[in-house]
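Peer 1: Take the sequence shown: its position 63, counted from the start at 1, is 46 in this note's numbering, and no numbers get skipped.
Even for Gly, the Cβ is constructed at its ideal location relative to N, Cα and C.
The structure displayed is predicted, hence computed values, not measured ones.
What follows is a single structure, and I will ask about it in a moment.
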Amino acid sequence: LFRNDVSLGGASSFHLHRKDRKYTKRNTALMSTITTENELTQTQQKTLKVHSVESFGTYDGPGIRTVFFLQGCLFQCLYCANPDTMRMNSGTITRLSQLLDTALKMRSFYGTDGGVTASGGEPCLQAKNLRLLFKELKERDIHTCLDTNGYIMNKYVVDLLEQTDLVLLDVKHIEPTIH
């Protein structure tokens, strides 16, 4: 079992990666609650601003993945791999239930290592609703991966991280003038 704990302000921690699938299933069963009708309705009504969806992704986490590229990023890096995802006022408003359906249709291709990755842009800008999607994915035992620059930290991001199996942290240059 490979497990890393990262401290978030001292008291909270999350697992960066859970390699042992049995461990993930056991903890998911212990920690998750049954989805109420209200939570299901929230998932159906809540939305994310999506730039694009990639199926059969192999660069954004382990295995074969569905990658949701979310719209918007505050950093505006000159060397960005996805500059078309930067604009805040762009993207397609997409219901969480549609994204969940997309992931479930691709599930048979994930095998034991694949799953869903949220990338962007900066997905943590939309953590309030993304955490609900990741919760639904985890309840269905689908591996979740978050590709983030790590700049945003609030209660929604902390909750999102609790639903995340793997974090791809894109560390930026510490000097703003060079960044």
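Considering L116, what are the terminal residues of the alpha helix (DSSP H) in which it resides?
Peer 2: Here residue 116 refers to the residue found at position 133 of the sequence shown. Under the DSSP assignment, L116 falls in the alpha helix (DSSP H) whose first and last residues are 110 to 122.
Peer 1: At the level of alpha carbons, what is the spacing between L79 and F117?
Peer 2: As a first step, residue 79 must be located in the sequence shown, where it is residue number 96. As a first step, residue 117 must be located in the sequence shown, where it is residue number 134. Rounded to whole angstroms, L79 to F117 spans 10 Å at the Cα level.
Peer 1: Comparing C-alpha positions only, which one of D130, G98, N65, G94 sits nearest to Q109?
Peer 2: Working through the sequence shown from its first residue, we reach residue 109 at position 126. Of the listed residues, the one whose Cα sits closest to Q109 is D130.
Peer 1: Quick one: is F52 buried, meaning 16 or more other Cβ sit within 10 Å of its Cβ, or exposed?
Peer 2: As a first step, residue 52 must be located in the sequence shown, where it is residue number 69. Its Cβ being crowded by 16 or more others within 10 Å, F52 is buried.
Peer 1: Using a threshold of 9 Å, state whether the C-beta atoms of G97 and H126 are closer than that.
Peer 2: Translated into positions along the sequence shown, residue 97 becomes position 114. Translated into positions along the sequence shown, residue 126 becomes position 143. Yes.
Peer 1: Given a cut-off of 9 Å on the beta-carbon distance, is the pair Y134 and E158 in contact?
Peer 2: Working through the sequence shown from its first residue, we reach residue 134 at position 151. Working through the sequence shown from its first residue, we reach residue 158 at position 175. Contact flag unset, no.
Peer 1: With DSSP collapsed to three states, give me the class of S73.
Peer 2: Numbered from 1 along the sequence shown, position 90 holds the residue referred to as residue 73. Of the three classes helix, strand and coil, the one that applies to S73 here is coil, per DSSP.
Peer 1: In the DSSP assignment, what are the bridge partners of T49?
Peer 2: If you number the sequence shown from 1, residue 49 lands on position 66. In the DSSP output, where bridge partners are listed per residue, T49 has V99.
Peer 1: Alpha carbon to alpha carbon, how far is C107 from L143? Give it in angstroms, no decimals.
Peer 2: By 1-based counting over the sequence shown, the position of residue 143 is 160. By 1-based counting over the sequence shown, the position of residue 107 is 124. A straight line joining the alpha-carbon of L143 with that of C107 spans about 8 Å.
Peer 1: Classify M69: buried if its beta carbon has 16 or more other beta carbons within 10 angstroms, exposed otherwise.
Peer 2: Residue numbering aside, residue 69 sits at position 86 when the sequence shown is read from its first letter. With 16 or more Cβ atoms within 10 Å of its Cβ, M69 is classed as buried.
Peer 1: For H34 and T85, I'd like the C-alpha separation in whole angstroms.
Peer 2: Indexing the sequence shown from 1 puts residue 34 at position 51. Indexing the sequence shown from 1 puts residue 85 at position 102. Whole-angstrom Cα-Cα distance: 15 Å.
Peer 1: In whole angstroms, what separates the C-alpha of Y6 from that of L83?
Peer 2: Start at 1 with the first residue of the sequence shown, and residue 6 comes out as number 23. Start at 1 with the first residue of the sequence shown, and residue 83 comes out as number 100. Here the model assigns Y6 a pLDDT of 34, short of 50, so the residue's position is not dependable, and the following value carries that caveat. Those two C-alpha atoms are separated by around 23 Å.
Peer 1: Contact check, G44 vs L149 under 8 Å by CB: the rounded distance?
Peer 2: In the sequence shown, counting from the first residue as 1, residue 44 sits at position 61. In the sequence shown, counting from the first residue as 1, residue 149 sits at position 166. Contact flag correct, Cβ pair sits at about 6 Å.
Peer 1: So, helix, strand or coil for D130, using DSSP?
Peer 2: Counted from its first residue, the sequence shown places residue 130 at position 147. DSSP, reduced to helix, strand and coil, places D130 within a strand of the structure shown.
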